[in-house]
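Heads up, the sequence shown is in my numbering, so the first residue is 1434 and it goes up one at a time.
Below: one structure, written as structure tokens.
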Amino acid sequence: MYSKEYSYIGTVRYVFNPRAKRVILKVKPDASVWVTLPPFYELHKAEAFLLERSAWVQNAQNKVQKKSTAQQLFLENGAFTHFHTIEFFTQNVSVVSVKIHKTSVHITVPITINREDSECQNVVRKVYMQVLQNEARAYLPQRVKELAYNHGFIYTSVRITSAKTRWGSCSVKNAINFTWHIMKLPLHLIDFIILHELCHTVHKNHGEKFHALLDRCTAGKEKAYSKELRTFSIL
């Protein structure tokens, strides 16, 4: 298997299959992109095949994201994100309205509709994504700074992206990127991903030295955290 990162669609995995008769391009439910190739098919031709269909790939990824988000219902007062709560108010108004405060989100709902109605839920989902992005920009750079200091890592910058196939990445110049979707994870897994990328400032591959370093930084829990992380999808 050969993997390559593309700025607009994330990591693409090229897989040779002896039973494949033609090139097959697939966007999976987690929005990852796989290209299945017949034996001995030239990679540069496979990449050209992908790039010709990049608009289709992005459209398919967007559909997956919308479908995933649309399945979630927000109905009760209480926890909303890591750093915000949600509270619903029913009033004699004509449309659903939103107020985002420092640690809470207030949703005002007309008395003529129910919370589970699409008119309300569509608004709440948009707010949910907006709040996650805001929290990512506020929380992640500071948390990276703290963990880097605690473990003696040096990095150049932190950037928040809208990547749909990778939680994070570290460049050859030690610039670290995180998708804002990372804020959907439990805090200990957010720390795990941050430490994963910080370890790449020392080891640029996933060899034994990298895993040994990450295991030390996570107090021997690298395998457990990796297994837990696989139960989550970005979208």
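Note that CB positions come from ideal geometry on N, CA and C, so glycine has one too.
Selected residue, minimal CA-CA separation from residue i, among the options
| i | options | result |
| --- | --- | --- |
| Val1490 | Lys1461, Val1635, Leu1580 and Glu1475 | Lys1461 |
| Pro1543 | Cys1553, Thr1536 and His1534 | Cys1553 |
| His1517 | Thr1541, Glu1480, Val1560 and Val1448 | Val1560 |
| Phe1665 | Thr1598, Ala1652, Ser1602 and Lys1637 | Thr1598 |
| Ser1487 | Trp1467, Pro1472 and Ala1571 | Trp1467 |
| Thr1592 | Ile1609, Ser1604, Phe1586 and Val1605 | Looking at the sequence itself, residue 1592 is Arg, so the reference to Thr does not match. The residue with the shortest Cα to Cα distance from Arg1592 is Ile1609. |
| Tyr1474 | Glu1655, Tyr1447 and Ile1546 | Tyr1447 |
| Leu1662 | Asn1638, Asp1624 and His1639 | Asp1624 |
| Gln1505 | Thr1545, Arg1558, Asn1450 and Ser1537 | Arg1558 |
| Glu1485 | Met1434, Val1456 and Pro1472 | Val1456 |
| Tyr1435 | Leu1476, Ser1465, Phe1586 and Arg1452 | Leu1476 |
Same chain, Cβ closer than 7 Å to residue i, five either side skipped, listed in chain order
| i | result |
| --- | --- |
| Leu1508 | Arg1548 and Glu1549 |
| His1636 | Lys1642, Phe1643 and Leu1646 |
| His1633 | Cys1603 |
| Val1526 | Thr1541 and Pro1543 |
| Thr1589 | Lys1606, Asn1607 and Ala1608 |
For residue i: DSSP bridge partner residues
| i | result |
| --- | --- |
| Gly1511 | Ile1519 |
| Gln1524 | Pro1543 |
| Tyr1439 | Gly1443 |
| Ile1609 | Val1591 and Cys1603 |
| Val1538 | Ile1519 and Ile1533 |
| Val1703 | The shown model of the chain, from 1434 to 1668, leaves out residue 1703, and the question about it has no answer. |
Close beta carbons around residue i, own chain, < 8 Å, minus the five adjacent residues each side
| i | result |
| --- | --- |
| Thr1514 | Tyr1561, Val1564, Leu1565, Glu1568 and Met1616 |
| Leu1628 | Leu1580, His1584, Leu1647, Cys1650 and Thr1651 |
| Leu1620 | His1515 |
| Gly1601 | Ile1609, Asn1610, Phe1611, Thr1612, Ile1615, Ile1626, Ile1627, His1629 and Glu1630 |
| Asn1638 | none |
| Ala1479 | Tyr1447, Val1456, Val1468 and Leu1470 |
| Lys1454 | Pro1471 |
Host beta strand (DSSP E) of residue i (start-end)
| i | result |
| --- | --- |
| Val1531 | Ser1530 to Ile1533 |
| Ser1551 | No beta strand (DSSP E) contains Ser1551, which is instead part of the alpha helix (DSSP H) from Ser1551 to His1584. |
| Leu1470 | Val1466 to Leu1470 |
| Leu1458 | Ile1457 to Val1460 |
Same chain only: Cβ atoms within 6 Å of residue i, ignoring 5 sequence neighbours per side
| i | result |
| --- | --- |
| Lys1437 | Val1445 |
| His1539 | Glu1520 and Lys1532 |
| Val1556 | Val1529 |
| Lys1459 | Trp1467 |
N- and C-terminal bounds of the alpha helix (DSSP H) containing residue i
| i | result |
| --- | --- |
| Leu1620 | Leu1620 to Cys1632 |
| Leu1668 | Taken as a continuous stretch (DSSP letters only), Leu1668 belongs to no alpha helix (DSSP H), as it is neither H nor E. |
| Ala1657 | Glu1655 to Leu1662 |
| His1477 | Leu1476 to Glu1485 |
| His1644 | Glu1641 to Cys1650 |
Can we say the stretch 1479 to 1495 touches the stretch 1517 to 1526, given the rule of at least three CB pairs closer than 8 Å? Short answer: they don't touch.
Is it the case that the stretch 1573 to 1589 contacts the stretch 1609 to 1625, given that we only count it when at least three CB pairs across the two stretches are under 8 Å? yes
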